[in-house]
Each structure stands twice: as C-alpha cells, then as structure tokens.
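Peer 1: Top to bottom, those sequences are chains A and B. As numbered in this note's numbering, residues -4 to 329 make up the first sequence, in order. As numbered in this note's numbering, residues -4 to 329 make up the second sequence, in order.
There are 2 protein chains.
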Amino acid sequence: MVERAPSLVCGIDLGGTKILGVVIDATAPSGSAVDNFGIIASKRVPTPHDGQETLIATLAALVADLTAAVQDASGGEIGAVGLGAPGLVDRDGVLHTGPNLPGIEDCPFSDRLGSATGLPVAVDNDATCAAWAEHELGRFGGHNHTLFLTLGTGIGAGITVKGQLLRGANGYAGEPGHMVLDPNGPPCPCGRRGCWERYASGSGLARLARDAAHAGRAPGLVELAGGDPEAVRGEHVTTAASRGAPGALEIMAEFGWWVALGIANLVAVLDSEVVIIGGGLVEAGSVVMDPIRAAFGDVLFGARARPAIPVEQASMGEFAGAIGAALLAAQRLR
Amino acid sequence: MVERAPSLVCGIDLGGTKILGVVIDATAPSGSAVDNFGIIASKRVPTPHDGQETLIATLAALVADLTAAVQDASGGEIGAVGLGAPGLVDRDGVLHTGPNLPGIEDCPFSDRLGSATGLPVAVDNDATCAAWAEHELGRFGGHNHTLFLTLGTGIGAGITVKGQLLRGANGYAGEPGHMVLDPNGPPCPCGRRGCWERYASGSGLARLARDAAHAGRAPGLVELAGGDPEAVRGEHVTTAASRGAPGALEIMAEFGWWVALGIANLVAVLDSEVVIIGGGLVEAGSVVMDPIRAAFGDVLFGARARPAIPVEQASMGEFAGAIGAALLAAQRLR
Chain A
-4 MVERAPSLVC GIDLGGTKIL GVVIDATAPS GSAVDNFGII ASKRVPTPHD
46 GQETLIATLA ALVADLTAAV QDASGGEIGA VGLGAPGLVD RDGVLHTGPN
96 LPGIEDCPFS DRLGSATGLP VAVDNDATCA AWAEHELGRF GGHNHTLFLT
146 LGTGIGAGIT VKGQLLRGAN GYAGEPGHMV LDPNGPPCPC GRRGCWERYA
196 SGSGLARLAR DAAHAGRAPG LVELAGGDPE AVRGEHVTTA ASRGAPGALE
246 IMAEFGWWVA LGIANLVAVL DSEVVIIGGG LVEAGSVVMD PIRAAFGDVL
296 FGARARPAIP VEQASMGEFA GAIGAALLAA QRLR
Chain B
-4 MVERAPSLVC GIDLGGTKIL GVVIDATAPS GSAVDNFGII ASKRVPTPHD
46 GQETLIATLA ALVADLTAAV QDASGGEIGA VGLGAPGLVD RDGVLHTGPN
96 LPGIEDCPFS DRLGSATGLP VAVDNDATCA AWAEHELGRF GGHNHTLFLT
146 LGTGIGAGIT VKGQLLRGAN GYAGEPGHMV LDPNGPPCPC GRRGCWERYA
196 SGSGLARLAR DAAHAGRAPG LVELAGGDPE AVRGEHVTTA ASRGAPGALE
246 IMAEFGWWVA LGIANLVAVL DSEVVIIGGG LVEAGSVVMD PIRAAFGDVL
296 FGARARPAIP VEQASMGEFA GAIGAALLAA QRLR
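Spelled out as structure tokens, the structure:
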C-alpha cells in the first residue's frame, strides 16, 4: 500500500453568523483555470454564540465532517487547517478582539483547535485570508501593491506590499475600518467616533439610509422596509437603487463617496496599484461599485501624478476567505 | 599612485527655504558611534525660487563646492549624489508634486542633476530619506515596522515594513499628511478639506493657535506675536507652553490630540512597533511630545491587545534628510 502525502488542506472562514469550511488540494495547479478554485469538499454551519468551548467543538466537528467527506471522495487526508477569524489575530494564532464574536476574547484558536483536531492549525484575520485568495487565484490578483477590502457588517482589509501580505509587528496590520474620518461623527462600538466603518460598511450604509428616511428623502425605501424607517437596511438601499429610485441613488452616491474617501486615505499611505472590493455588499454589483469609482478620482491625493488605479469588484465570492485560509495554512505549515 | 574607490557620497536635503548638503563615507562603519554621523563636509544654501534651471544650477554648484571641500580635506572623490525632495518622487527620480517648491513640477531631478554634475543621482522623497537615516543610524532605529513622521510646514512620512522602506507602486507611499480626518474641516491647498496636515503640522498648530487667539483663549500668545492674533505662529505656542502659559498648554493638548489621531489611523493600518517624530516642531521637546503621547493611548484602536508602542523624538536633528539621501544613493547606485 502506498502512503499518500497529506496534501489536502482545510480552510475555514469563521463569521459572525456562519462558518464556512472547504478542503482544497494545496499541491494542485492553482489559478482560476481550476474549476471552482479546486474545492474538493465544503460545508457550512451556523456560528454558535455560547462561549469558547462550544465554538471550538463546532469547528472541530466541521473539520471531522470534511475529513470524512474527502475520505469518501478521494481517500485523501487533511494535513493542516487554516482558520480566518474576524478581529485582531496575533502571530501565535490568538484572536484578541473580535467584535462579531461576543464572548470570544483572547482565544488561542491555534492551540485549542490544534488539540481538538490533532492537526497543525494556522490562524489569520478573515479579510487577510480573503485578500490572499484574491491575490493568488482571483481575476485581479497577482499585483505587487494591492489594497483589498471587504465591506460587510464592518470593513476588513488585506494589503500586499511587493506581492507579500503586510502583517505588521504583531500580525494586526490592515484594520482601516477604525481609521477615524470624522472625530465628531457617529459613535463606534470601539469607543471612538466617526470610524470609517460607521459610513462605508453594510451597517454604515443602513445608517446613512435611516438618516435619509427620517429626513423624508427616501420614501420608496421605507416602503421596502415595511413602512418603518428604523427597519431600513443596506440591502433595501441597493435593491431600490437597482430599480433607479432617486432617493436610493443619492444614498448610494453618499455611501460611495465615504468608501472612496477611506480608500484615498489608504492609497496616500500605501501607494497601491489596484483596489479590490469584496464582501456581501458588493454582490449588488455596479449599483455599489459605480458610485465608489465616480468619487475616487475626486478625492485621491496626487491623482494627476499617478497611473490610473482600477477599483475592481472581488471575483471569488463567498469562498475567498476559506480558500485563502487554506492557502496560508499550506504556506505556513509546509 | 593608488586610485581611490569613490566611496564618498553626497546627500542633499532640498527644502522650501534652504538646501542642506553633506558628504559621508558610505563604506565607513555606520551607527551613532561615529562622530556627527560620519559627516565629512556640509554646506547650506538658500533655496532659489526662480524656476527649474536656477534650482538645478544651485544644486550642481552645491555638489561642486562639496567636492572641492572633500578634495581639500581628504583627497577623496564623490561617487554619487542622493537628493531628498519634498513631494511625490517617482521611481525614475522625477518630482511630480511639490507644494513647497512653487514652479517646480514634473522635474526630472535624477536626469537633470546627473547631467549637470556628471554623477549618478538617486532621488527620493525628503521624509523617506530622513526616515531611512533614523532607521539606520538613529537612536530608535533598527526596528522592522517603523512609522517615521516629520512635522514641519506639512507632514512627511517614511514607513518601514520588515526593515525595508515601503515605497509602493510608484514610489509615492507615505503621504499621510493628506489623509482626510474631517471632511468638513479647513480647506487644504491640495483641494480637499480637513487633511491631517491642516491640524498636525507646524502650519496646523499656527491655525489652532490663531483660532484660540481670536476666541480670546490665548492672551499671552497674542502678546508674543506683537499684539496681532493673525501673526501667531507655531513657535509662539511652543515657547509660551514651555513657560507654562495655560492657554498655550491647552492648544498644545489639542494639537497633540490631532497628531495622535493620525498616528492611530496609521497604526491601525500598518501595525507599527515604534513611532519616531522629527521635523522642526519637535525641537521644542517634551512640550510637543508629551501631549502626543498622552493622547495616543486613548485614540489607538486595539490598544489593549498590543504591546506598548513607544512614540519617540527623532534623534538625528536637521541632518537626517541629507544623510538618508546619501545612504539611499549609496545603496541604490552601488
């Protein structure tokens, strides 16, 4: 009997509402030429909010299920696990601050999930994972100086410098959602005011929309939300804007301006050559992307001196985070 | 006769009001152990504001004078020139936007000064040069992830990632003075509003002080400025604050808060391990540095999860830019 090298890697994207796991063959030829990014098995489970023990057990059960699935399919063995977690993840795989995982703080995911699964586990920030997947396999990847953003409940980011991930001193680089863009702006759960994600995330869009609804500037929106201005959410705005509702289009223009302003701040510091935007919000497509692009040229410092900086929609969809976690685990644990 | 290797390098710091040139021995043992950072000769001339031709001629004359000086002193030859210029300098040594050098735009310094001197010329952003000198020779240098700022008329920056300069796609990285921190803030010459350097530079301090003076909150300051609130400048505030004048101390606290806010934005993105602040303004010492440090802990995102980030005063003084330009030229033209 020939022993198989454990070339399969499990990647997990841990979100505030769901956990998505995939298995890929890290030795397979990479690139978008591979069908479905080379995913061999995948599974989705809801995120439990019942403390650290339950969360680790849920993650370990997901790895066990995926192990069984690939054994059935190919007889292969999973050799490592990569986990993308929302928040500040240090170089030892400890999640320090994760506002979307209440009750989970200073959690040594790498050690705990390693013990629970018997596999080496590499942990990274979730947006860093998605950025790496887009860099390695996505349609707009491969650049040296990339700014990747995810617009979801908050704002995540992954940055490449000379083709490598910018991790910083502790592994915490790339948290621009908490750049302050207006010290007199709305309060942020982080304790300060006017953080970028108060404007330029899904929850930021909902806030802009509710303000417009209360001011009577978005009658169609309030209807979509069942008549209550307080019930207006981000997807009501993108839906109404897709139908051409003027109030919603104005809100999307305001939203796009805030997204562009933060990108301009980042490009002034990083001198990126391409900006890639992922996350649930941009699934709506041009109704989100066009206002961002329209505002970006106006707010970018030194635009005249720079080659044009394309602002592209991420190409890998919801699997990017889990695939990136697997790719990074394969790299780090090789 | 033994031919000497051209190990001497000329470094020039081109400022809005003065030009400072030095010659160092790039093969000499480096480090602060060397007296006066190993400067063999230095010269200062005023910056001409009479167009590109005059500026190039002035720079070439400075190189000629320094060449003569080192020949007299040691018989050595200058083998290369490094120039630090204020603004966006691309990888070909062209200065694209330099607000402190009116009339100088899209100037190919590398080619023009190379022709005029017959020497290879490397051009970098001035703050990048100063950052590199502090990194290589300064008291707080040697870290992998450094954020270096110069607070002068505007704000300059140099960033190291894994011990190397962050240059970005075009060489334009590190222009955080034009991060927008308040879209409703005071207008900036760059065409936008509320850029960081409207608050956290020497001219930003003067603006905060004039506002306080007009509001009657800084009587001592107006006296120092000869009785005219419009004549209040940054150094009047630091002088008055050094003497303990309450109005001036309040202005310095406000100024320190704005400096700290921008640093916090940058650390959220870069995850720096040390912040080094240079430029004319910090020559005043603790009266500037203490309010920055006091505010920084409050405004830093994720402060609880991070090791303490020291905020230090640059140690090399006014020669940092010229020395850094020489060091970078020696590296790039080796």
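Beta carbons: idealized from backbone N, C-alpha and C, even for Gly. Computed from a predicted structure; not experimentally measured.
1. Any beta-carbon of chain A closer than 7 Å to the one on residue 26/B?
2. Who are the Cβ neighbours of residue 108/A in its own chain at under 7 Å, not counting the five residues just before and after it?
3. Quick one, which of 327/B, 294/B, 274/B has its alpha-carbon nearest residue 310/B's?
4. Tell me which residues share the same chain as residue 224/A and place their Cβ nearer than 7 Å to its Cβ, disregarding the 5 neighbours each side in the sequence.
5. Identify which residue in 180/B, 162/B, 221/B, 90/B has its Cα closest to the Cα of residue 47/B.
6. Could you list the residues in the region 84 to 110 of chain B with a C-beta less than 7 Å from some C-beta on chain A, going in chain order?
7. For residue 80/A, which beta-bridge partners are listed by DSSP?
8. Residues in the region 253 to 281 of chain B with C-beta within 8 Å of chain A's C-beta atoms, listed in sequence order?
9. At the level of alpha carbons, what is the spacing between residue 220/A and residue 198/A?
10. Under 7 Å, do residue 185/A and residue 193/A count as touching if we go by C-beta distance?
11. Take residue 22/B and list the residues in its own chain whose beta-carbon comes closer than 6 Å to its own, dropping the five residues that flank it on each side.
12. With a 10 Å radius around its C-beta and 16 neighbouring C-beta atoms as the bar for buried, classify residue 44/A as buried or exposed.
13. To the nearest angstrom, how far is it from the Cα of residue 315/B to the Cα of residue 323/B?
14. Is residue 296/B close to chain A, meaning its C-beta is less than 7 Å from at least one C-beta of that chain?
15. Quick one, which of 155/B, 158/B, 146/B has its alpha-carbon nearest residue 172/B's?
16. I need the DSSP call for residue 130/A, collapsed to helix, strand or coil.
17. Count the other CB atoms within 10 Å of the CB of residue 289/A; is the residue buried (16 or more) or exposed (fewer)?
18. I'd like to know if residue 119/B contacts chain A, where contact means its C-beta is closer than 7 Å to some C-beta of that chain.
19. At least one CB of chain A closer than 7 Å to the CB of residue 153/B: is that the case?
20. In chain order, what residues of the region 154 to 178 of chain A put their CB closer than 9 Å to some CB of chain B?
21. On the DSSP letters alone, give me the boundaries of the alpha helix (DSSP H) that residue 246/A sits inside.
22. Please confirm if residue 140/A has its CB atom under 7 Å from at least one CB of chain B.
23. Under the DSSP definition of a beta bridge, which residues are partnered with residue 278/A?
24. Looking at residue 88/B: is its Cβ nearer than 7 Å to the Cβ of residue 191/B?
25. Can you pull out the residues from the region 175 to 201 of chain A whose beta carbon lies closer than 7 Å to at least one beta carbon of chain B?
26. State the DSSP-derived secondary structure class of residue 53/A, mapped to helix, strand or coil.
27. Does any residue of chain B have a CB that is nearer than 7 Å to the CB of residue 36/A?
28. If the criterion is Cβ atoms closer than 7 Å, does the pair residue 112/A and residue 40/A meet it?
29. Could you spell out where the beta strand (DSSP E) holding residue 307/B opens and where it closes?
30. Between the Cα of residue 277/A and those of 18/A, 308/A, 291/A, 250/A, spot the shortest distance and give me the residue it belongs to.
31. Compute the Euclidean distance between the alpha carbons of residue 318/B and residue 157/B, then round it to the nearest angstrom.
32. Flag residue 221/A as yes if its beta-carbon sits less than 7 Å from any beta-carbon of chain B, otherwise no.
33. Can you check whether the CB of residue 321/B is closer than 7 Å to the CB of residue 330/B?
34. What does residue 143/A pair with, by DSSP beta-bridge criteria?
35. Find out if the Cβ-Cβ distance for the pair residue 203/A, residue 131/A is shorter than 7 Å.
36. Where does the unbroken beta strand (DSSP E) through residue 36/A begin, and where does it stop?
Peer 2: Here's the rundown:
1. In the second sequence, residue 26/B corresponds to position 31, counting from 1. A caution first: residue 26/B carries a pLDDT of 49, below 50, which makes its placement in the model unreliable, though a value can still be read off. No, no contact with chain A.
2. The residue labelled residue 108/A in the question sits at position 113 within the first sequence. Excluding positions up to five away in sequence, the list reads 51, 54, 55, 76, 78, 116.
3. Along the second sequence, one-based indexing puts residue 310/B at 315. Ranking the options by Cα distance to residue 310/B, first place goes to 274/B.
4. Taking the first sequence and counting its residues from 1, the one referred to as residue 224/A is at position 229. Closer than 7 Å at the Cβ level, and outside the excluded window around residue 224/A, lie 205, 208, 209, 217.
5. For the purposes of this step, residue 47/B is taken as residue 52 along the second sequence, with counting starting at 1. Out of 180/B, 162/B, 221/B, 90/B, 90/B has the C-alpha closest to the C-alpha of residue 47/B.
6. 91, 92
7. In the first sequence, the residue the question calls residue 80/A occupies position 85. DSSP lists 120/A as partners of residue 80/A.
8. 256, 259, 260, 261, 263, 264, 265, 266, 267, 268
9. Residue numbering aside, residue 220/A sits at position 225 when the first sequence is read from its first letter. Residue numbering aside, residue 198/A sits at position 203 when the first sequence is read from its first letter. C-alpha separation (whole angstroms): 15 Å.
10. Taking the first sequence and counting its residues from 1, one reaches residue 185/A at position 190. Taking the first sequence and counting its residues from 1, one reaches residue 193/A at position 198. No; because the gap between Cβ atoms is not below 7 Å, this pair is not in contact.
11. Along the second sequence, read from residue 1 onward, the residue named residue 22/B stands at position 27. The residues are 2.
12. Numbered from 1 along the first sequence, position 49 holds the residue referred to as residue 44/A. By the 10 Å Cβ count, residue 44/A comes out exposed.
13. Within the second sequence, the letter at position 320 stands for residue 315/B. Within the second sequence, the letter at position 328 stands for residue 323/B. Near 12 Å, if we compare the C-alpha coordinates of residue 323/B and residue 315/B.
14. Numbered from its first residue, the second sequence carries residue 296/B at position 301. Interface residue, yes.
15. For the purposes of this step, residue 172/B is taken as the residue at position 177 of the second sequence. The shortest Cα separation from residue 172/B among 155/B, 158/B, 146/B belongs to 146/B.
16. Your numbering for residue 130/A matches position 135 in the first sequence. Residue 130/A: helix per DSSP, three-state reduction.
17. Taking the first residue of the first sequence as position 1, residue 289/A is located at position 294. So residue 289/A counts as exposed.
18. Along the second sequence, one-based indexing puts residue 119/B at 124. By this cut-off, residue 119/B is not an interface position.
19. Position 158 of the second sequence, counted from the start, is the residue given in the question as residue 153/B. No, no contact with chain A.
20. 154, 156, 157, 159, 161, 162, 163, 164, 165, 166, 167, 168, 169, 170, 171, 172, 173, 174, 175, 176, 177, 178
21. Taking the first sequence and counting its residues from 1, one reaches residue 246/A at position 251. Residue 246/A -> alpha helix (DSSP H) spans 241 to 265.
22. Along the first sequence, read from residue 1 onward, the residue named residue 140/A stands at position 145. Judged by the 7 Å Cβ criterion, residue 140/A is in contact with chain B.
23. Translated into positions along the first sequence, residue 278/A becomes position 283. Bridge partners of residue 278/A: none, in fact.
24. Along the second sequence, read from residue 1 onward, the residue named residue 88/B stands at position 93. Along the second sequence, read from residue 1 onward, the residue named residue 191/B stands at position 196. Cβ distance not < 7 Å, so residue 88/B and residue 191/B don't count as in contact.
25. 175, 176, 177, 178, 185, 187
26. Taking the first residue of the first sequence as position 1, residue 53/A is located at position 58. In the structure shown, residue 53/A sits in a helix (DSSP, three-state: H, G or I).
27. Taking the first sequence and counting its residues from 1, one reaches residue 36/A at position 41. Output row for residue 36/A: interface = no.
28. Working through the first sequence from its first residue, we reach residue 112/A at position 117. Working through the first sequence from its first residue, we reach residue 40/A at position 45. Not in contact: residue 112/A and residue 40/A (Cβ atoms no closer than 7 Å).
29. Position 312 of the second sequence, counted from the start, is the residue given in the question as residue 307/B. First-last of the beta strand (DSSP E) with residue 307/B: 306 to 308.
30. For the purposes of this step, residue 277/A is identified with residue 282 of the first sequence, where counting begins at 1. Ranking 18/A, 308/A, 291/A, 250/A by Cα distance to residue 277/A puts 308/A first.
31. Position 323 of the second sequence holds residue 318/B. Position 162 of the second sequence holds residue 157/B. Straight-line Cα distance between these residues: approximately 22 Å.
32. As a position in the first sequence, residue 221/A is number 226, starting the count at 1. Taking Cβ atoms only, chain B never reaches closer than 7 Å to residue 221/A, which makes this a no.
33. Given a span of -4 to 329 for chain B in the structure shown, any question on residue 330/B remains unanswerable.
34. Locating residue 143/A in the first sequence gives position 148, counting from the first residue. Beta-bridge pairing links residue 143/A to 153/A, 271/A.
35. Here residue 203/A corresponds to residue number 208 of the first sequence, with the count starting at 1. Here residue 131/A corresponds to residue number 136 of the first sequence, with the count starting at 1. Not closer than 7 Å, so no.
36. Position 41 of the first sequence, counting from 1, holds the residue named residue 36/A. Note, residue 36/A: beta strand (DSSP E), 34 to 41.
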